[in-house]
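The listed protein sequences derive, respectively, from chains P and V.
Using the numbering used here, the first residue of the first sequence is number 493, and each one after it goes up by one.
Using the numbering used here, the first residue of the second sequence is number 176, and each one after it goes up by one.
C-beta atoms are modelled at their ideal positions from N, C-alpha and C, and glycine is treated no differently.
Note that this is a predicted model, so its numbers are computed, not measured.
Worksheet: the structure to be examined is printed underneath.
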Amino acid sequence: MKLDPVKMQLLKTIADLEAVPEGAYNVRDNGTLAGRNTTAHIDIVSKTDKPGIDIIVREGTKNERVDIPVLLTQTGLKDLVYNDFYIADGADVLIVAGCGIHNDGGELSQHDGVHTFHVGKNAHVKYVEKHYGEGEGTGERVLNPTTVIEIDEGGSLEMDTVQIKGVDSTYRKTSAVLAKDAKLLITEKIMTHGRQTATTDFYVKLGGDGSSAHVISRSVAKGQSHQQFLLSVDGDAACYGHTECDAIVLEGGTVSAVPKVNANNVDARLIHEAAIGKIAGDQLDKLMTLGLSEAEAEEMIINGFLK
Amino acid sequence: MLQLQHVSFAVNTDEGVKRIIDDVSLDLSERFVAFTGPNGGGKSTLAKLIMGLYRPTEGRIFLDGQDITDMSVTERAKAGICYGFQQPVRFKGITVHDLLNVAAGRTMTVAEACDCLAEVGLCARQYVNREIDANLSGGELKRIEIATVMARSATLTVFDEPEAGIDLWSFSNLISVFEDMYAKIKGTMLIISHQERILNIADRVVVLAAGKVERDGTKEEVLPSLLTATYCDRLKRV
Numbered sequence: 493m494k495l496d497p498v499k500m501q502l503l504k505t506i507a508d509l510e511a512v513p514e515g516a517y518n519v520r521d522n523g524t525l526a527g528r529n530t531t532a533h534i535d536i537v538s539k540t541d542k543p544g545i546d547i548i549v550r551e552g553t554k555n556e557r558v559d560i561p562v563l564l565t566q567t568g569l570k571d572l573v574y575n576d577f578y579i580a581d582g583a584d585v586l587i588v589a590g591c592g593i594h595n596d597g598g599e600l601s602q603h604d605g606v607h608t609f610h611v612g613k614n615a616h617v618k619y620v621e622k623h624y625g626e627g628e629g630t631g632e633r634v635l636n637p638t639t640v641i642e643i644d645e646g647g648s649l650e651m652d653t654v655q656i657k658g659v660d661s662t663y664r665k666t667s668a669v670l671a672k673d674a675k676l677l678i679t680e681k682i683m684t685h686g687r688q689t690a691t692t693d694f695y696v697k698l699g700g701d702g703s704s705a706h707v708i709s710r711s712v713a714k715g716q717s718h719q720q721f722l723l724s725v726d727g728d729a730a731c732y733g734h735t736e737c738d739a740i741v742l743e744g745g746t747v748s749a750v751p752k753v754n755a756n757n758v759d760a761r762l763i764h765e766a767a768i769g770k771i772a773g774d775q776l777d778k779l780m781t782l783g784l785s786e787a788e789a790e791e792m793i794i795n796g797f798l799k
Numbered sequence: 176m177l178q179l180q181h182v183s184f185a186v187n188t189d190e191g192v193k194r195i196i197d198d199v200s201l202d203l204s205e206r207f208v209a210f211t212g213p214n215g216g217g218k219s220t221l222a223k224l225i226m227g228l229y230r231p232t233e234g235r236i237f238l239d240g241q242d243i244t245d246m247s248v249t250e251r252a253k254a255g256i257c258y259g260f261q262q263p264v265r266f267k268g269i270t271v272h273d274l275l276n277v278a279a280g281r282t283m284t285v286a287e288a289c290d291c292l293a294e295v296g297l298c299a300r301q302y303v304n305r306e307i308d309a310n311l312s313g314g315e316l317k318r319i320e321i322a323t324v325m326a327r328s329a330t331l332t333v334f335d336e337p338e339a340g341i342d343l344w345s346f347s348n349l350i351s352v353f354e355d356m357y358a359k360i361k362g363t364m365l366i367i368s369h370q371e372r373i374l375n376i377a378d379r380v381v382v383l384a385a386g387k388v389e390r391d392g393t394k395e396e397v398l399p400s401l402l403t404a405t406y407c408d409r410l411k412r413v
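Next comes the structure, spelled out in C-alpha cells:
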C-alpha cells in the first residue's frame, strides 16, 4: 500500500498511524480499496450488494486491533459506505475508524459511513473514531457518520468519538439497543468553528435488566458555529442510564441540547445533566494568576475540556 | 517589597458610592503579614487589588519600587505576585500535574509534582493525575491550591482565607503547612485569616475594618486587643 505525504499525514491525524499497521486493516482511499490485511482471528470481506465491508471478529480474539481508516482528498467526491462488524461471543477487540478529508478544490467532499455493530454475548469492543477536515479549497467538507449498535447479554461497547476540526457540516446519528447486563459507554468530543454546524443524535434503548449506558458529550462552539445535541433514552427494564452534555460557547457560537429520557419501567433509573455556557471567569483568573495570558488560559481550558 | 499609597476602591450601589477600601496606605516588607478583621471589612478586596483582579479607583501600588497599578493580572504574576483563591477553581479535564506545570512555568517530573503535593500533606501519587473537578473535596482542592501557589515560588504570595471551606481535621494539618512555609519562603507572604493559630505565626498583623486600617503592629501588640470584649461584640454585630 502506497500513500502520498498528504494522505500519510491524514492517517496520522485520524488514527495515530505512522506506517502500515501490523494487525488487521482496511484502508479506503477516495472511494476505493487501498490496502487490506486479515489475521487468524479477524477477517475483512468486501460486500457484494453495496459499497462497504464486513469485519468478522472470531471467538477467541483477545487484545487485537483493527484499523479501518477512510481518506478523502478528491474534491467533489461523495462517498457512501456500509461497514458491518460481527463480534463473536467473548471476543475482545479494539476498532480504530475515522475519516480525514483534505479538500483543496471548490466542490463538496462528503463521506457518509454507516457502521453497524453486532456485539456478541460477553464480548467487549472499544471503538475509536476521529473525524477531521483540512485543505485550502472553498469546497465544503461534510461527514455524516451513522452508528448502529446491538449488544447481546453481558456484552459491552466503549465508543470514543472525536471531531477535531475542519468539518463544515456533520450529522452524527448513533443508536444502540442493549440486552440484559449489557453496557455502553459513549464519549463524544466536538469542536466547531467558523460557520460550521454539527448535530449529534443519540438514541439508546435499555432493553434488558441490569443494562447500563453512559453517554458523555463535551463540545466547544466557536466563531459563528452552531451545535445541536439530540438525545433520547428509553429505560425499558431495571436499568441505569446517565447522559451528560457539557458545552462551552465562545465568540458567537451557539449550542442547544434537547434531552428526552423515558422511564418506561418502574425500576429504570435515568439521569440527565446539561451545562452550557462560556468559560467561567474565575477559571481564566486562576490561570492568569499563574502567569498565562488570557488567550493562553482560554486555550488551556478548551484543550483540557476536550482532552 | 509592597507599598500601597492611598489606595481606595469604590463601587456604585443603590445607596450611592460605597468605598470598600478607603484610603489605605501600607508598606509591607515582613516575611509574614496577616490581615484580619470583621467580615465585609475589605480584606478580600484588598487582596484582589494587589493581584490585579480589581483595579483601585484611587491610589497607587508599588512592588519593589515599580509602579504596578496599571499592570494586568498576567503582568503582575510575571512580576512575582501569586494569589491563593479563597474558593479554589475547578477545571474539567485539567489535571493536578497540568496546573502545577503552569504554576512552575515548566514541565515538572512526576517526582517533582509529587514532592509539591507531599508538602501540603497530600498522598501524592493518588493525586498527580487526577482532574481538578467536582470529584475532589473542599479540603483536597484547598491543598492543591496551596501547592500551585508554592510551586510558583513568587516573591509576594497572597492567600485569601486558606482556612475557609475546610473541615477541622484538615485545618490542623493546614496550620502545620503554613508553619513549614514560614520557614521556607524567601519573599513576603500576606494571609487573610480569622484564625488565631494563623495570626500567631505572623510577624505583623493588620486589622482592616470598614475599608480602613484599624490596627497595625506586631502580633504581640495587636492580638491581645482583638480578644477584648468590645472587639468580640463588634464582630458579632457584623
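Cross-chain neighbours of residue i in chain V, by beta carbon under 8 Å
i: P/D738; result: K267
Integer-rounded CB distance, given that residue j should sit under 8 Å from residue i
i: V/F260; j: V/E306; result: With 8 Å as the limit, V/F260 and V/E306 do not qualify as a contact, their Cβ atoms being about 18 Å apart.
i: P/T735; j: P/V758; result: Not quite, the Cβ-Cβ distance comes to about 20 Å (not below 8 Å), so this is no contact.
i: V/R318; j: V/A278; result: About 14 Å; that fails the 8 Å criterion.
i: V/R206; j: V/D378; result: 6 Å
i: P/V498; j: P/H594; result: 5 Å
i: P/S785; j: V/T249; result: 5 Å
i: V/H369; j: V/T211; result: 6 Å
i: P/G597; j: P/G568; result: 6 Å
i: P/E642; j: P/V611; result: 7 Å
i: P/V585; j: P/T553; result: 5 Å
i: P/D582; j: P/Y624; result: According to the sequence shown, residue 582 of chain P is Gly rather than Asp. At roughly 34 Å, the Cβ-Cβ gap does not stay under 8 Å, so P/G582 and P/Y624 are not in contact.
Alpha carbon of residue i to alpha carbon of residue j, nearest angstrom
i: P/G605; j: V/I225; result: 56 Å
i: P/R520; j: P/Q716; result: 33 Å
i: P/L635; j: P/S748; result: 20 Å
i: P/D508; j: P/C591; result: 12 Å
i: P/L670; j: P/D644; result: 7 Å
i: V/S204; j: V/P263; result: 27 Å
i: P/N614; j: P/G796; result: 33 Å
i: P/R664; j: P/G733; result: 20 Å
i: P/G627; j: V/R300; result: 43 Å
i: P/Q775; j: P/E790; result: 9 Å
i: P/K697; j: P/E680; result: 18 Å
i: V/G255; j: P/H718; result: 41 Å
i: V/V388; j: V/D198; result: 9 Å
i: V/V182; j: V/I236; result: 8 Å
i: P/D693; j: V/L238; result: 55 Å
i: V/L398; j: V/L374; result: 8 Å
i: P/T662; j: P/Q720; result: 10 Å
i: V/I341; j: V/L292; result: 17 Å
Helix, strand or coil at residue i [DSSP, three-state]
i: V/F237; result: strand
i: P/N636; result: coil
i: V/H369; result: coil
i: P/G645; result: With the sequence shown as reference, residue 645 of chain P is identified as Glu, and Gly is not the correct amino acid for it. P/E645 falls in the coil class under three-state DSSP.
i: P/P513; result: coil
i: P/P751; result: strand
i: P/D496; result: coil
i: V/S400; result: helix
i: P/T683; result: The sequence given here places Met at residue 683 of chain P; Thr does not occur at that position. Looking at P/M683 - three-state DSSP - the assignment turns out to be strand.
i: P/A690; result: strand
i: V/Q261; result: coil
i: P/N518; result: strand
i: P/F797; result: helix
i: V/T220; result: helix
Neighbour list for residue i in chain P, Cβ cutoff strictly below 9 Å
i: V/A252; result: M780, T781, L782, G783, L784
i: V/R327; result: T781, L782, G783
i: V/G280; result: L782, G783
i: V/V186; result: Residues of chain P passing the Cβ test: none, with the nearest at roughly 17 Å.
Interface residues of chain V facing residue i [CB-CB closer than 7 Å]
i: P/I793; result: F266
i: P/Q775; result: V264, F266
i: P/K799; result: G268
Contacts that residue i makes with chain V (C-beta to C-beta distance below 9 Å)
i: P/F721; result: Those do not exist, as P/F721 stays about 17 Å from chain V at its closest Cβ, beyond 9 Å.
Under 7 Å from the C-beta of residue i: neighbouring residues of chain P
i: V/D355; result: Those within 7 Å of V/D355 in chain P number zero; the least Cβ separation is about 22 Å.
i: V/F260; result: K778
i: V/C257; result: T781
i: V/T323; result: L782
Chain-ordered neighbours of residue i on chain P, where CB pairs are closer than 8 Å
i: V/V248; result: D777, M780, T781
i: V/D273; result: M792, G796
i: V/M425; result: A question about residue 425 of chain V goes unanswered here, because the residues of chain V that appear run from 176 up to 413.
query: Three or more C-beta pairs closer than 8 Å, one from the region 262-274 of chain V and one from the region 230-250 of chain V: is that the case here?
result: In this structure the region 262-274 of chain V does not lie against the region 230-250 of chain V, because fewer than three pairs of beta carbons, one per stretch, are closer than 8 Å.
query: Using 8 Å as the Cβ pair cut-off and three pairs as the minimum, do the region 671-691 of chain P and the region 712-730 of chain P touch?
result: A contact exists between the region 671-691 of chain P and the region 712-730 of chain P.
query: Would the region 335-345 of chain V and the region 187-194 of chain V be scored as touching if the rule is three or more Cβ pairs under 8 Å?
result: No: the two stretches stay apart, fewer than three of their Cβ pairs being nearer than 8 Å.
query: Does the count of Cβ pairs from the region 355-365 of chain V and the region 391-401 of chain V closer than 8 Å reach three?
result: Counting C-beta pairs with one atom in each stretch, the region 355-365 of chain V and the region 391-401 of chain V have fewer than three that are closer than 8 Å, which means they do not touch.
message: Can you confirm whether the region 547-554 of chain P touches the region 573-587 of chain P when touching is taken to mean that 3 or more C-beta pairs between the two stretches lie within less than 8 Å?
response: Yes: at least three Cβ pairs fall under 8 Å.
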